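K.L.:
So the mapping is simple: the numbering used here equals the position in the sequence shown, first residue as 1, plus 4. Don't be surprised by glycine CBs; every beta carbon is placed ideally from N, CA and C. From a predicted model like this one, the values you see are computed outputs, not experimental measurements. Submitted below is the structure of interest, expressed as structure tokens.
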Amino acid sequence: MYSGAAAAAGSPRRDFISVTLGPEEAVGVGGYNNSKAWRRRSCWRKWKQLSRLQRSVILFLFVFLAVCGVISYTSIGEAWKSITNKSLDDQRTEQEIPRLKLANPAVLPAPQKADANHGDYPELSLQKPPKPPHVRRGPSNLQIKAPRRDMRLKTQRDTMRAVEELVEVDKVEKTEKSIISWRGAVIEPDQSTEPPSSKITEPEKPSSVEAEDQKEPVPINERQLAVIEAFRHAWKGYKDFAWGHDELKPLSKSYSEWFGLGLTLIDALDTMWILGLKEEFEEARKWVANDLVFDKNVDVNLFESTIRILGGLLSTYHLSGDSLFLEKAKDIGNRLMPAFKTPSKIPYSDVNIGRGTAHPPRWTSDSTVAEVTSIQLEFRELSRLTGDEKFQNAVDEVMKHVHILSGKNDGLVPMFINTNSGQFTHLGVYTLGARADSYYEYLLKQWIQGGKKENELLEDYMRAIEGVKKHLLQRSEPKKLTFVGELAHGHFSAKMDHLVCFLPGTLALGAHNGLAADHMKLAETLIETCYQMYAQVETGLSPEIVHFNLHAQKGHKDVEIKPADRHNLLRPETVESLFYMYRFTGDKKYQDWGWEILQNFNRYTRVPTGGYTSINNVQNPSNPEPRDKMESFFLGETLKYMFLLFSDDIDLINLDKYIFNTEAHPLPVWVPA
């Protein structure tokens with residue numbers, strides 16, 4: 005071997021060496037010549053030398069290996085094809101992501117431009133996406149679930165970018181005022197079974213709608229066009245004279261500030277989206293992106309900022325899918341949390357969103373019951389979207405505390421609760437008007453929002469409605485209108501706030517969700533009363549408060565109005581209930597009643613240079629005494645409910661999929677994971 009290797013090393017050619025021990029090779033007979041023919045004969049001789057059994061075993065092994073090879077090749081080929089396709093899909097997805105820029109897909113598509121010419125307005129669509137070439141308007145038939153973790157992480161990254169881009173503004177000191185403002189009304193201060201888990205379920209991306217479920221768009225009708233025109237007129241005044249400020253003063257062509265956070269603009273965002281006002285919406289969005297800054301040394305009311313700002317941002321996020329609004333919602337939500345740092349966990353009424361401090365009004369340590377129990381829909385939804393349980397835990401603790409409190413009267417609650425002791429105060433006074441109204445509304449709506457699992461909420465709601473029937477319902481003369489009065493230390497008062505006109509819609513919503521049928525009957529009688537609060541007044545507009553006649557008197561109507569109560573603030577509650585009643589009954593009279601109200605708003609509250617104004621005297625058609633103020637809820641609620649009331653598309657904001665907060669901002673009903 006060594007000599008052969010050395011010889012090979014000296015030659016550029018390396019030959020094979022074969023050593024045989026057979027006698028023929030030893031004598032040089034038939035020697036090995038390394039030819040292919042010789043090798044074939046050699047292999048064949050050896051194969052013939054094998055027994056039949058050995059040859060069979062070898063053949064079987066070759067066949068077996070061949071079959072295995074074919075199977076393996078097929079599997080590997082499919083896997084490689086899958087990987088290749090996935091890679092291509094990922095590349096396409098990466099190319100599409102910058103174009104989407106959404107944390108969640110939009111529930112409503114981008115609104116189409118609504119031109120001044122009625123014929124150019126876009127068509128509304130049903131809830132499911134239409135077939136091309138029509139452009140869909142209206143929420144798609146999607147299941148709303150919590151965002152996936154990867155979406156949440158993307159949102160967090162977007163948050164960091166948004167924070168870096170915030171515009172620095174001067175901090176403005178806001179002085180405290182010795183009045184309580186309840187949704188625009190100025191009030192002088194007085195010296196399941198199993199509850200759902202508190203663990204937040206992370207929502208998933210909504211699934212797309214099957215093509216066969218698509219419906220044709222529903223065109224906008226003439227009454228809806230009139231609402232769009234009214235909105236544009238109001239928006240013109242706001243844009244010209246109050247842009248970026250809280251409220252328009254249309255007569256003096258100026259503005260008023262409450263929080264200095266653009267309340268009217270934020271309140272109107274989702275209204276513009278629903279009405280299809282694309283140009284106005286985009287302009288308002290730019291203001292939110294560039295100028296809405298919450299790092300300001302200003303006191304805000306927890307309740308009002310929650311329902312208007314937080315609710316408006318969350319709703320707009322769901323309708324548009326634009327993560328800008330979710331980031332702003334998280335910002336204001338975090339800044340409101342100091343309100344819950346009280347001995348009883350009942351939140352303070354006021355928060356300084358710049359300093360991170362909270363306090364009660366300077367004249368009392370009480371909060372109103374409606375304020376602390378009507379922020380739950382918004383904070384619960386914020387937890388669901390962000391995965392941060394602190395928001396829902398804080399508001400759920402309030403509801404659990406109120407649930408077990410003494411001082412109720414057959415489910416009816418007092419108007420005040422102390423933030424130190426956590427107990428009701430000013431006992432013995434029960435109303436469904438200011439300071440208590442939305443407590444009852446949010447009992448039902450939280451139950452619906454959470455998938456009808458929180459039985460304590462339903463129990464409290466049902467008990468309260470029975471309390472209303474027992475203690476607060478009366479009938480007037482001469483038309484025998486059923487109305488909701490007040491109870492003060494055992495004495496009944498025939499006084500009814502316009503705010504109470506939320507109740508027919510709430511009752512109808514409960515009946516639609518499977519509650520007692522007599523709730524719908526009561527809703528029908530109460531909405532008639534609310535309509536008469538308009539129809540029996542000289543201007544056709546309701547006053548803030550009415551008193552009903554309990555005894556027939558010649559020459560007297562059912563409704564009596566005191567001089568201090570005859571103002572109208574452009575409130576939405578009656579129109580809100582008309583919307584619910586039409587949706588659930590299909591009775592056109594509710595649309596007709598709403599149309600009368602819109603015409604009277606145009607007749608007595610419209611300001612020629614832009615905007616609408618509250619009025620002081622609904623009993624004087626020749627001089628209704630304008631107050632020079634347009635409340636933000638006129639755009640956020642009243643005109644939105646008008647538009648939905650007049651819609652022929654019953655799926656535009658489907659009431660089985662959305663729940664409206666008390667400022668008319670639609671939030672999704674949770675779908676079980």
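May I ask you to verify whether the region 498-505 touches the region 443-459, counting CB pairs closer than 8 Å and requiring at least 3?
P.N.:
no
K.L.:
Let me check understanding here. Comparing Cα to Cα, which of 291, 370, 664 and 580 lies closest to residue 332?
P.N.:
By 1-based counting over the sequence shown, the position of residue 332 is 328. Ranking the options by Cα distance to residue 332, first place goes to 291.
K.L.:
Classify residue 454: buried if its beta carbon has 16 or more other beta carbons within 10 angstroms, exposed otherwise.
P.N.:
For the purposes of this step, residue 454 is identified with residue 450 of the sequence shown, where counting begins at 1. Per the 10 Å Cβ criterion, buried.
K.L.:
Under 8 Å: do the region 562-575 and the region 520-532 share three or more Cβ pairs, one atom per stretch?
P.N.:
The region 562-575 is not in contact with the region 520-532.
K.L.:
Have a look at residue 284 and residue 438 and give me their C-alpha separation to the nearest angstrom.
P.N.:
One-based indexing of the sequence shown puts residue 284 at position 280. One-based indexing of the sequence shown puts residue 438 at position 434. Straight-line Cα distance between these residues: approximately 33 Å.
K.L.:
Would you say residue 372 and residue 341 are within 9 Å of each other, going by their C-beta atoms?
P.N.:
Taking the first residue of the sequence shown as position 1, residue 372 is located at position 368. Taking the first residue of the sequence shown as position 1, residue 341 is located at position 337. No.
K.L.:
Excluding the 5 residues flanking residue 475 on each side, which residues of the same chain have their C-beta closer than 6 Å to its C-beta?
P.N.:
Counting from one through the sequence shown, the residue named residue 475 turns up at place 471. Once the five neighbours on either side are set aside, the close Cβ partners of residue 475 are 491.
K.L.:
Could you pull the DSSP bridge partners for residue 499 from this structure?
P.N.:
Residue 499 sits at position 495 when you count from the first residue of the sequence shown. Looking at the DSSP assignment, residue 499 forms a beta bridge with 551.
K.L.:
Counting C-beta neighbours from all protein chains within 10 Å, is the total for residue 484 16 or more, i.e. buried, or is it exposed?
P.N.:
Mapped onto the sequence shown, residue 484 falls at position 480. An exposed status is given to residue 484, since fewer than 16 other beta-carbon atoms sit within 10 Å of its beta-carbon.
K.L.:
Could you check where the alpha helix (DSSP H) with residue 252 kicks off and where it finishes?
P.N.:
Position 248 of the sequence shown, counting from 1, holds the residue named residue 252. Counting along the chain, residue 252 falls outside any alpha helix (DSSP H), though it belongs to the beta strand (DSSP E) covering 251-253.
K.L.:
Starting from the C-beta of residue 617, find all residues in its chain whose C-beta is less than 7 Å away, skip the five residues before and the five after it, and write them out in chain order.
P.N.:
Within the sequence shown, the letter at position 613 stands for residue 617. For residue 617, where only same-chain residues beyond five positions count, the Cβ hits under 7 Å are 254, 255, 609, 611, 630, 631, 632, 633 and 634.
K.L.:
Mind reading off the beta-carbon distance from residue 640 to residue 230? Whole number of angstroms is fine, and I expect it under 8 Å.
P.N.:
The residue given as residue 640 occupies position 636 in the sequence shown. The residue given as residue 230 occupies position 226 in the sequence shown. The pair is not a contact, with the Cβ atoms about 19 Å apart (cut-off 8 Å).
K.L.:
Quick one: Cα of residue 318 to Cα of residue 656, how far?
P.N.:
Residue mapping note: residue 318 aligns to position 314 of the sequence shown, counting from 1. Residue mapping note: residue 656 aligns to position 652 of the sequence shown, counting from 1. Whole-angstrom Cα-Cα distance: 18 Å.
K.L.:
Where residue 220 and residue 651 are concerned, what is the direct C-alpha to C-alpha distance, given to the nearest angstrom?
P.N.:
Locating residue 220 in the sequence shown gives position 216, counting from the first residue. Locating residue 651 in the sequence shown gives position 647, counting from the first residue. Spanning the two alpha carbons is a distance of roughly 15 Å.
K.L.:
Helix, strand or coil for residue 670, going by three-state DSSP, please let me know.
P.N.:
Position 666 of the sequence shown, counted from the first residue, corresponds to residue 670. Strand at residue 670.
K.L.:
DSSP beta-bridge partners for residue 478?
P.N.:
For the purposes of this step, residue 478 is taken as the residue at position 474 of the sequence shown. Note: residue 478 sits in a beta bridge opposite 487.
K.L.:
Helix, strand or coil for residue 635 per DSSP?
P.N.:
Within the sequence shown, the letter at position 631 stands for residue 635. Looking at residue 635 - three-state DSSP - the assignment turns out to be coil, as it is neither helix nor strand.
K.L.:
Which residues mark the beginning and the end of the beta strand (DSSP E) in which residue 259 is found?
P.N.:
Taking the first residue of the sequence shown as position 1, residue 259 is located at position 255. Where residue 259 is concerned, the enclosing beta strand (DSSP E) stretches over 258-260.
K.L.:
Assuming contact is defined by CB atoms lying nearer than 9 Å, are residue 343 and residue 362 in contact in what I supplied?
P.N.:
Indexing the sequence shown from 1 puts residue 343 at position 339. Indexing the sequence shown from 1 puts residue 362 at position 358. Closer than 9 Å, so yes.
K.L.:
Could you check what DSSP says for residue 371 in three-state terms: helix, strand or coil?
P.N.:
Against the sequence shown, residue 371 aligns to sequence position 367. Residue 371 falls in the strand class under three-state DSSP.
K.L.:
In three-state DSSP terms, what is residue 520?
P.N.:
On the sequence shown, position 516 is the one that residue 520 refers to. Of the three classes helix, strand and coil, the one that applies to residue 520 here is coil, per DSSP.
K.L.:
Taking contact to mean 3 or more Cβ pairs, one atom from each stretch, closer than 8 Å, check whether the region 263-282 and the region 306-324 are in contact.
P.N.:
yes
K.L.:
Below 8 Å on the Cβ atoms is my guess for residue 568 versus residue 482; work out the distance and round it to an integer in Å.
P.N.:
To locate residue 568, count along the sequence shown from 1; it is residue 564. To locate residue 482, count along the sequence shown from 1; it is residue 478. Actually they are not in contact, since the Cβ atoms of residue 568 and residue 482 sit about 25 Å apart, beyond 8 Å.
K.L.:
Just how far apart, CA to CA, sit residue 307 and residue 353?
P.N.:
The sequence position of residue 307 within the sequence shown is 303, counting from 1. The sequence position of residue 353 within the sequence shown is 349, counting from 1. In a straight line, the C-alpha of residue 307 is about 7 Å away from that of residue 353.
K.L.:
As an exercise, report each continuous beta strand (DSSP E) stretch of at least 3 residues that is fully enclosed by the region 356-427, in chain order.
P.N.:
361-363, 370-372 and 420-422
K.L.:
Taking the C-alpha atoms as reference points, what is the distance between residue 413 and residue 274?
P.N.:
For this step, residue 413 is matched to residue 409 along the sequence shown. For this step, residue 274 is matched to residue 270 along the sequence shown. Cα to Cα, residue 413 sits roughly 38 Å from residue 274.
K.L.:
Helix or strand or just coil, what does DSSP make of residue 657?
P.N.:
Residue mapping note: residue 657 aligns to position 653 of the sequence shown, counting from 1. Coil.
K.L.:
Which residue or residues does DSSP assign as beta-bridge partners of residue 619?
P.N.:
Looking up residue 619 in the sequence shown gives position 615. DSSP lists 572 and 630 as partners of residue 619.
K.L.:
With a threshold of 16 other CB atoms inside 10 Å of the CB of residue 101, please say whether the residue is buried or exposed.
P.N.:
Here residue 101 refers to the residue found at position 97 when the sequence shown is read from its first residue. Confidence is the limiting factor: at residue 101 the pLDDT is only 35, short of 50, which leaves the residue's position unreliable and the question unanswerable from this model.
K.L.:
Considering only residues of the same chain and omitting the five flanking positions on each side of residue 470, which have a CB-CB separation below 7 Å?
P.N.:
Numbered from its first residue, the sequence shown carries residue 470 at position 466. Taken in chain order, the residues that qualify are 414 and 415.
K.L.:
Distance, Cα to Cα, residue 662 vs residue 337?
P.N.:
In the sequence shown, residue 662 corresponds to position 658, counting from 1. In the sequence shown, residue 337 corresponds to position 333, counting from 1. Roughly 21 Å separates the two Cα atoms.
K.L.:
Kindly indicate which three-state DSSP category residue 222 falls into: helix, strand or coil?
P.N.:
Sequence index remark: in the sequence shown, residue 222 carries index 218 (1-based). When secondary structure is reduced to three states using DSSP, residue 222 falls in the strand class.
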